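For reference, the structure is listed below as structure tokens.
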Amino acid sequence: MKNDFIAVLDFGSSKVTCMAATKVSDDGDFVIKATGQVAYSGFSDKEWYEPNLLTNVVTQAIGQVENKIKTPIKELYVGVPGAFCALVTSEASVTFHSKKKIDLDDCEDIVRKADIYKAGDEYDPLTGKPVYYILDGAIKSFDPVGAIANKLTGLVSFSFMKKYFRNTIAPILLEKGINKVNYLNGCEAQADYIASALVKDGYCIIIDVGYITTNVMLCGGKGLLFQRTFALGAGYLASDLCQVLGCDFNFSLAVLEKINLNLEVKAGDVYNVHGRTVEAKQANAVVKARIDQIGDYIMRSFDLCEREIPQNTPIVLTGGGLAYLRGGVDALAQQLQKPIRLYNSFNPQTNRNEYTSSYGLIYEAMHANKGRNGLLSFLKHLRKGDN
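The numbering of the sequence shown is the numbering used here, which starts it at 20 and goes up by one.
Right, dumping it as structure tokens:
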């Protein structure tokens with residue numbers, strides 16, 4: 020019997036998360052039926068930190084969901100972390116003999132013509148997704164179907180996955196009995212989900228500060244124009260406090276829960292943590308210094324972006340790193356000298372910043388299912404169905 024839910028597997032920098040969700044509407048609304056989560060050591064841009072433990076972590080996370088929904092998972096959408104992805108953009112045009120009404124076949128033709136990149140020995144292709152179109156060289160459109168034009172130009176975003184990721188994850192899932200696996204660019208899925216909810220069309224910058232990695236993404240309409248991952252996250256805040264305060268890691272985490280960077284602290288002010296006092300000015304300074312460094316890395320990331328970014332481009336912060344640190348958003352905004360909006364949702368089920376990457380996978384998976392029925396046929400370029 021066909022499952023009536025979608026299951027996703029999300030590799031964060033400190034936890035592996037599995038979710039099962041049911042579609043509610045064609046707009047991308049869904050209900051989460053079950054969540055499984057297991058802590059692990061994460062990854063660098065080249066490899067897993069503890070690959071020998073990966074099988075146990077993945078099977079546990081999936082097993083937790085299966086136990087809750089009382090159904091085995093047979094098909095899975097797997098988010099490929101930014102560290103294991105590459106992204107390029109390409110432009111292509113189609114000129115017609117006379118003015119015609121644009122249809123989906125024309126849009127697919129743009130994707131095919133723009134597909135000029137070879138994956139190479141290190142990568143497998145994932146998706147080719149149109150970002151936006153230009154009608155007759157002048158009119159920008161995110162959905163040109165139905166418009167009349169002589170010429171259609173499109174900018175297409177192509178994602179690639181490191182074969183190393185697939186070669187380590189596929190055998191684990193196959194052993195678990197899951198042989199229908201769909202790989203998605205996790206950054207692209209997350210960015211699409213947040214941008215569709217908060218921005219709709221136009222440019223949008225998404226910053227996901229995780230535990231030991233940060234993802235920086237630029238959306239340009241309906242797709243991803245730029246992404247970069249660097250090894251620096253909120254876990255470094257606790258490590259810094261350990262070194263400066265001479266405390267253990269668990270105590271430094273408790274200190275972080277007390278810190279408020281919006282307070283104007285002065286000499287003699289303290290935080291009371293588990294019966295101990297911590298000098299507030301020193302603790303705030305340590306945390307602020309690391310946030311400033313994260314901000315510097317974000318700005319350096321965009322130095323590598325070849326696209327011109329409008330000055331008024333909205334910036335959205337998400338991830339479990341800075342979102343829950345009091346004053347963390349403001350501190351990062353001060354360093355970037357740009358206003359920053361914190362991701363939020365009216366739906367309490369999807370109002371957790373640390374899970375936005377998982378929400379994005381669910382959102383993208385539901386649109387991929389829609390594509391199977393021909394409604395979003397350009398998503399046929401999604402690599403799916405093989406382990």
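Backbone N, C-alpha and C define an ideal beta-carbon position, used for all residues, glycine too.
Predicted model only: the values in this text are computed from it and were never measured.
{"query": "Using the Cα positions of residue 114 and residue 143, report the straight-line distance between them to the nearest angstrom.", "result": "31 Å"}
{"query": "Quick one: what's residue 367 bridged to in DSSP?", "result": "Paired residue(s): none; residue 367 is not in a bridge."}
{"query": "Would you mind giving the Cβ-Cβ distance between residue 77 and residue 35, rounded to the nearest angstrom? I have them listed as a contact below 8 Å.", "result": "6 Å"}
{"query": "Tell me which residue opens and which closes the alpha helix (DSSP H) that residue 351 is part of.", "result": "347 to 355"}
{"query": "At what residues does the beta strand (DSSP E) containing residue 176 begin and finish?", "result": "167 to 181"}
{"query": "In whole angstroms, what separates the C-alpha of residue 138 from that of residue 270?", "result": "46 Å"}
{"query": "Is the beta carbon of residue 107 less than 8 Å from the beta carbon of residue 148?", "result": "no"}
{"query": "What is the rounded straight-line gap between the Cα of residue 161 and the Cα of residue 66?", "result": "37 Å"}
{"query": "Go ahead and label residue 158 buried or exposed: buried means 16 or more other beta carbons lie within 10 angstroms of its beta carbon, across all protein chains shown.", "result": "exposed"}
{"query": "Suppose you measure from the CA of residue 297 to the CA of residue 206; what does that come to, to the nearest Å?", "result": "37 Å"}
{"query": "Looking at the structure shown, is residue 91 part of a helix, part of a strand, or coil, going by DSSP?", "result": "coil"}
{"query": "Let's test the definition: count the other Cβ atoms within 10 Å of the Cβ of residue 68 and tell me whether it reaches 16, buried, or not, exposed.", "result": "exposed"}
{"query": "Pop quiz: residue 304 and residue 288 are said to be a contact at Cβ under 8 Å. What is the actual Cβ separation, rounded to whole angstroms?", "result": "So it is not a contact: roughly 12 Å between Cβ atoms."}
{"query": "Are at least three pairs of beta-carbons, each pair with one atom in the segment 53 to 64 and one in the segment 84 to 92, less than 8 Å apart?", "result": "yes"}
{"query": "Near residue 263, which residues of its chain fall below 6 Å by C-beta distance, leaving aside the five closest residues on each side in sequence?", "result": "305"}
{"query": "Spatial neighbours of residue 182 within its chain, please: C-beta separation below 7 Å, excluding the five flanking residues on both sides.", "result": "141, 142, 143"}
{"query": "Compare the Cα-Cα distances from residue 63 to each of 29, 209, 203, 251 and report the closest residue.", "result": "251"}
{"query": "Run through the DSSP bridge pairs and tell me what residue 49 is partnered with.", "result": "42"}
{"query": "Expressed to the nearest angstrom, what Euclidean distance is found between the alpha-carbon atoms of residue 25 and residue 343?", "result": "29 Å"}
{"query": "When you compare only the Cα positions, how much space is there between residue 339 and residue 46?", "result": "26 Å"}
{"query": "Apply the 10 Å Cβ neighbour rule to residue 372 and answer buried if 16 or more other Cβ atoms are within range, or exposed otherwise.", "result": "buried"}
{"query": "Quick one: grab the DSSP three-state call for residue 129.", "result": "helix"}
{"query": "Given this structure, state the Cα-to-Cα distance separating residue 59 from residue 73, to the nearest angstrom.", "result": "8 Å"}
{"query": "What does the Cβ neighbour count give for residue 209, buried or exposed, with the cut at 16 atoms within 10 Å?", "result": "buried"}
{"query": "Hey, residue 145 and residue 178 are a contact pair by Cβ (cut 8 Å); roughly how many whole angstroms apart?", "result": "4 Å"}
{"query": "Please name the residue, chosen from 41, 234, 258, 242, that lies closest to residue 274 on a Cα-to-Cα basis.", "result": "258"}
{"query": "Who are the near neighbours of residue 132 in its chain, counting only those whose CB is closer than 6 Å to its CB and skipping five residues on each side?", "result": "111"}
{"query": "Restricting to runs no shorter than 4 residues, where is the alpha helix (DSSP H) found entirely within the segment 251 to 327?", "result": "254 to 264, 268 to 277, 299 to 322"}
{"query": "Report the rounded CA-to-CA distance for residue 79 versus residue 308, giving the unit in angstroms.", "result": "37 Å"}
{"query": "Taking the C-alpha atoms as reference points, what is the distance between residue 232 and residue 321?", "result": "16 Å"}
{"query": "Measure the C-alpha to C-alpha separation of residue 40 and residue 118 and round it to an integer number of angstroms.", "result": "44 Å"}
{"query": "What does DSSP give as the partner residue(s) for residue 57 in the beta ladder?", "result": "35"}
{"query": "Using the three-state DSSP reduction, which class does residue 124 fall into: helix, strand or coil?", "result": "helix"}
{"query": "Please state the DSSP three-state secondary structure of residue 81.", "result": "helix"}
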